[in-house]
Amino acid sequence: MECKGDYYIEIMDKEVKAIRQVRALSSNLTEPRYRVTYVITSNEPRAVRVRYVCGGEAGEAEVVLSKVMRFVIELLRD
81 MECKGDYYIE
91 IMDKEVKAIR
101 QVRALSSNLT
111 EPRYRVTYVI
121 TSNEPRAVRV
131 RYVCGGEAGE
141 AEVVLSKVMR
151 FVIELLRD
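With my numbering, letter number 47 in the sequence shown gets 127, and the count goes up by one each step, no holes.
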């Protein structure tokens, strides 16, 4: 997802773990650019509901943690 402006992610399933990683893609102080990665992991395969806001657009999605039991959400933020 590319987000212009603010973003927010909420993992609705409390049984999973979400790790947030932020990496700067530019050093421009007036127009910073970041890649924000959420790695969602679980002890067992399951479907996980995610609510998000991305640049003013809100939504809800279901992601499936398969046999590898992890899912990656990447946001590119301007």
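Ideal Cβ placement from N, Cα and C applies to all residues, glycine included.
Only a predicted model underlies this, so the values are computations on that prediction, with no experimental measurement involved.
CA-to-CA distance, residue j to residue i, given in whole angstroms
i, j, result
"ASP93", "GLU142", "11 Å"
"ALA138", "TYR132", "6 Å"
"VAL96", "TYR87", "21 Å"
"GLY136", "GLN101", "22 Å"
"SER106", "ILE89", "23 Å"
"LEU109", "GLY85", "15 Å"
According to DSSP, residues forming a beta bridge with residue i
i, result
"ARG126", "LEU145"
"ARG131", "GLU90, GLU140"
"LYS97", "THR121"
"ARG103", "ARG115"
Given residue i as reference, the closest of the options once Cα atoms are compared
i, options, result
"ALA104", "PRO112, GLU90, ILE120", "PRO112"
Backbone secondary structure at residue i - three-state DSSP
i, result
"GLU82", "strand"
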